[in-house]
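Trainee: Each residue of the sequence shown is one higher than the one before, starting from 17 at the first, in the numbering used here. From the three backbone atoms N, C-alpha and C, an ideal C-beta is built for every residue, glycine too. Please read these numbers as outputs of a predicted model, since none were measured by experiment.
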Amino acid sequence: MPHAPQHADVATAELDSVLRGGPFHVALRAAIAARGLPLQRVQHHLSRHGVKVGVTSLSYWQQGARRPQRPESLRAVRALEEILELPEESLIRLLAESGEGPSGQRSAARSYRSLVEASGVLDQLLAELGCPPDGGLHSLGHHERLRIGARRELSERESHHIVRAHRDGVDRFVAVHHGDRGAVPERMRVHALENCRTGRVRWHHDTGVLAAELLFDTRLRAGDTFLFRVGVEDGTAGVSHEYLRGFDSPGGQYALQVCFDAAALPVRCHRFAQHSAAAPRTGGQELALSGRHRSVHLVEPRVRTGFVGIGWDWE
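#1: In this structure, does DSSP put Val58 in helix, strand or coil?
#2: Is Leu90 helix, strand or coil by DSSP?
#3: Near Arg213, which residues of its chain fall below 8 angstroms by C-beta distance, leaving aside the five closest residues on each side in sequence?
#4: Taking 7 angstroms as the limit between beta carbons, can you name the residues of its chain near Leu31, skipping five residues before and five after?
#5: Taking its Cβ as the centre, do 16 or more other Cβ atoms sit within 10 Å of Gln56, making it buried, or is it exposed?
#6: Could you give the uninterrupted runs of the alpha helix (DSSP H) lying entirely in the region 148-225, keeping only those of 4 residues or more?
#7: Just verifying my parser: in three-state terms, what is the DSSP assignment at Ala253?
#8: Using C-beta distances below 6 angstroms, list every residue in its chain close to Glu105, excluding the 5 sequence neighbours before and after it, in chain order.
#9: Express the C-alpha separation of Ala181 and Ala20 in angstroms, rounding to a whole number.
#10: With a Cβ-Cβ cutoff of 7 angstroms, do Gln78 and Leu102 count as a contact?
#11: In three-state terms, what does DSSP make of Gly136?
#12: Once the 5 residues before and after Ile178 are set aside, which same chain residues still bring their CB inside 6 angstroms of it?
#13: Taking the alpha helix (DSSP H) that Leu74 falls in, what are its first and last residues?
#14: Pull up the distance between the alpha-carbon of Gly52 and that of Leu96, whole angstroms please.
#15: Going by CA-CA distance only, name the one from Leu62, Arg318, Glu160, Val190 that's closest to Glu144.
#16: Taking the alpha carbon of Glu302 as the point to measure from, which residue in Arg308, Ala289, His309, Ser33 has its own alpha carbon closest?
#17: Using CA atoms only, rank isn't needed, just tell me which of Phe276, Gly268, Gly300, Gly327 is closest to Arg320.
#18: Quick check on DSSP: helix, strand or coil for Arg320?
#19: Would a C-beta distance cut-off of 7 angstroms place Leu226 and Gly325 closer than the cut-off?
#20: When the Cα of His176 is compared with those of Gly70, His291, Val248, which residue comes out closest?
#21: By the DSSP assignment, the alpha helix (DSSP H) with Arg45 in it spans what residues?
#22: Just curious, the beta strand (DSSP E) that Leu303 is in, first and last residue?
#23: Quick one: Cα of His313 to Cα of Arg216, how far?
#24: Could you check if Arg122 is buried or exposed, using at least 16 other CB atoms within 10 Å of its CB as the buried criterion?
#25: Is DSSP giving Arg64 helix, strand or coil here?
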């Protein structure tokens, strides 16, 4: 049993991370796993606290298929904090932060509040860079590739953009990276990989948002197309559980590929969509991890406003 202590350390670190950042169902599942309790035992402990919750409901909660909403369910969540030896209010806080309480609205691991905060911060960063919201460019194609490292962290992201100018004189683009909770944007590195060079870089520490100016060294005329690639080295946050991309307006094709390190493979992956930051998620289609390349992907032939993304669960 030489690896048991290391496995316990990883499990504890993951639990600490998801209790800070959520989402609720991942934190609940990690807490139950860390205590080694089957759901029948959890149900038994709840009954001793005077709370009745079925095993099926507990299973749905930790899968993210249903949310605790009724007063009795919220009582159960508070009791679970005691049963699973968690800090007081830790699970309830995750429900509240991601809009998953009595209102029944559900959001991402990045909560509605954090997405709104990041949006406001991004407006400030774009203003500092003197960049209008659309930058004078329409997206014809955007292909992203994420690498998840051996510590289960978002290690790096590479983006390949195909754009068309809709006004004369466009000579730059602002690339945006939103790290996972706890990310340190000042430690990230931006790499201009093709047909561009890095200009000014701005970030906001509290939200983990980074904005980097990419200079084309040419001025596009209205109707001109342009291709460029950029990479961001991250690796500054804890355990990563999902990646989502937001779109303010309809556009061209979007593809997202998530590649996992051989030492850190998820047990399941799924795609999802959200019409807005406050809207419930739809989709949930499972994605099969390719054996040789250890990756999953999604393709949107023509994006619509809202969010699309890929989530994954760790053992």
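Mentor: Per the coordinate set shown:
#1: helix
#2: helix
#3: Leu230, Leu231, Asp233
#4: Ala46, Ala47, Ala50
#5: exposed
#6: none
#7: coil
#8: none
#9: Confidence at Ala20 is low in this model, with a pLDDT of 43, below 50, so the placement of that residue should be treated as unreliable; the coordinate-derived value is given next. Spanning the two alpha carbons is a distance of roughly 56 angstroms.
#10: no
#11: helix
#12: Leu156, Gly157, Leu243
#13: 71-79
#14: 14 angstroms
#15: Val190
#16: Ala289
#17: Gly268
#18: coil
#19: no
#20: Val248
#21: 40-51
#22: 297-303
#23: 31 angstroms
#24: Model confidence at Arg122 stands at a pLDDT of 31, short of 50, so the residue's coordinates are unreliable; what they give is reported in the following sentence. Classification of Arg122: buried, given that the 10 Å Cβ count is 16 or more.
#25: helix
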